[in-house]
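K.L.:
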Amino acid sequence: MAHRLEQQVAIVTGGSRGIGQAICESLARDGAVVLAVARNVEKTQAWVAALGADVPGRIVPVALDVTDVAAVNAFVDRVAEEHGRIDILVNNAGITRDGLVMSMEDDQFKQVLDTNLTAAFYFVRAASRHMLRARRGRIINISSVGGLMGNPGQANYSAAKAGLIGMSKSVAKEVAKRGITCNVVAPGFIETDMTADLPEKIREGAKQVIAMQRFGNPGEVAEVVRFLAGPESSYITGQTIVVDGGMYM
Ligand code: NAP
-12 MAHRLEQQVA IVTGGSRGIG QAICESLARD GAVVLAVARN VEKTQAWVAA
38 LGADVPGRIV PVALDVTDVA AVNAFVDRVA EEHGRIDILV NNAGITRDGL
88 VMSMEDDQFK QVLDTNLTAA FYFVRAASRH MLRARRGRII NISSVGGLMG
138 NPGQANYSAA KAGLIGMSKS VAKEVAKRGI TCNVVAPGFI ETDMTADLPE
188 KIREGAKQVI AMQRFGNPGE VAEVVRFLAG PESSYITGQT IVVDGGMYM
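If you're matching positions, the sequence shown starts at -12 in our numbering and goes up one per residue.
#1: Below 8 angstroms between beta carbons: does that hold for V66 and V158?
#2: Quick check: does the Cβ of L100 come within less than 7 angstroms of any heavy atom belonging to the ligand NAP?
#3: Taking 8 angstroms as the threshold (C-beta atoms), are I167 and N79 in contact?
#4: I'd like to confirm the pairing. Which residues does DSSP put opposite I129 in its beta bridges?
#5: Flag K97 as yes if its beta-carbon sits less than 8 angstroms from any beta-carbon of chain D, otherwise no.
#6: With a cut-off of 8 angstroms, do at least 3 Cβ pairs link the segment 145 to 152 to the segment 103 to 116?
#7: With a threshold of 7 angstroms, establish whether the CB of G5 neighbours any heavy atom of the ligand NAP.
#8: At a threshold of 7 angstroms, does T227 count as lining the ligand SAM (C-beta to nearest heavy atom)?
#9: Which complete beta strand (DSSP E) runs does the segment 34 to 107 hold, if anything under 3 residues is left out?
#10: Below 8 angstroms on the Cβ atoms is my guess for R201 versus G232; work out the distance and round it to an integer in Å.
#11: How far does the alpha helix (DSSP H) with A25 in it extend, from its first residue to its last?
#12: What residues are listed by DSSP as bridge partners for T0?
#13: Buried or exposed: which applies to Y222, given that a residue is buried once 16 or more other Cβ atoms fall within 10 Å of its Cβ?
#14: For the segment 88 to 102 and the segment 180 to 200, state whether three or more C-beta atom pairs, one from each stretch, are separated by less than 8 angstroms.
#15: May I have the straight-line CA-CA distance separating V252 from M154, to the nearest angstrom?
#16: Looking at I129 and the ligand NAP, is the gap between the Cβ and the nearest heavy atom below 7 angstroms?
#17: Decide if the segment 80 to 89 is in contact with the segment 28 to 41; the criterion is three or more beta carbon pairs, one per stretch, under 8 angstroms apart.
#18: Alpha carbon to alpha carbon, what distance is there between H117 and V59?
#19: On the criterion of 16 or more Cβ atoms from any shown chain inside 10 Å, does G134 qualify as buried, or is it exposed?
#20: Taking T182 as part of the alpha helix (DSSP H), name the residues at either end of that continuous run.
#21: Do you know how far the Cα of V77 is from the Cα of L100?
#22: Please report how far the alpha carbon of D17 lies from the alpha carbon of A57, in whole angstroms.
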């Protein structure tokens, strides 16, 4: 069977676990070489080793803090030099630091913006230079339904995730003529470390407002990312695709 992403090189941030892990696997199963970026690479190394030679592509764990602009620039240029191309960029790294706005610390707001939004800008800026030269590329930014509907206790997170949507539309308009698309995937509640620690009352309450009455799994997000990264999505850009079991519509 031909693999749609054969020969292609992808960068996935936050690739060590959760949704990012599923995205790395999905792209590699379609033949891509995937650079899986996270601060802690031991987790990535463990599940990559467990995958074994089962995937046609390759997953390379990379230790990098996405908020370090100098490190991001150097890394992206190194990928382009070593592999000769960057076809796919998935900005997925994210954190939450929830709290009510009246008591939210400056740092609490800034850290969430730095990781979820500013870091994505660093990667888009660096990678788009190579994509523009190659006249091809796929940029996919992972937002959240929180960026569309807001969530109490998440003024920082919702601001960052809404910011990603606005940034993606501008980028889409800038690069469309050069064969590059830029889209957003906005997940709802997905079973990962990020949602595991939520109090049971909040988890149960959330299920009540999801039409499918269940949380999603990382693979259900990853398949949408794979579609947006592949050839079938060639005429889609600037869009936000919500993957939330019918919570926000
Ligand atoms: P997760 O399980 O907490 O994983 C977060 C990933 O981001 C990890 O790989 C983490 O690796 C990485 N990361 C965090 N800060 C980083 C930094 N400074 N530099 C490099 N990597 C960093 O989260 P998830 O649930 O899979 O979420 C993935 C994305 O989906 C996030 O953008 C999140 O906001 C979004 N999302 C999730 C849900 C959900 O319900 N789970 C819903 C909507 C949107 P290290 O800690 O090793 O650095």
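Ideal placement from N, C-alpha and C gives every residue a C-beta, glycine not left out. Here the structure is a predicted model, which is why all the values come from computation and not from measurement.
P.N.:
On the basis of the supplied data:
#1: no
#2: L100: no, Cβ never under 7 angstroms from the ligand NAP.
#3: no
#4: Bridge partners of I129: V172.
#5: Although the question refers to chain D, the structure presented lacks it and comprises just one protein chain.
#6: yes
#7: Relative to the ligand NAP, the beta carbon of G5 is positioned inside 7 angstroms of a heavy atom.
#8: The ligand SAM is absent from the structure shown, which contains only the ligand NAP.
#9: 45 to 50, 75 to 78
#10: 6 angstroms
#11: From DSSP, A25 is part of no alpha helix (DSSP H) but of the beta strand (DSSP E) over 20 to 25.
#12: T0 pairs with V24.
#13: exposed
#14: no
#15: Nothing can be reported for residue 252: it is not among the residues displayed for the chain, which extend from -12 to 236.
#16: yes
#17: no
#18: 14 angstroms
#19: Under a 10 Å Cβ-count criterion, G134 is classified as buried, with 16 or more other Cβ atoms of the shown protein chains found around its own Cβ.
#20: Where T182 is concerned, the enclosing alpha helix (DSSP H) stretches over 180 to 183.
#21: 17 angstroms
#22: 31 angstroms
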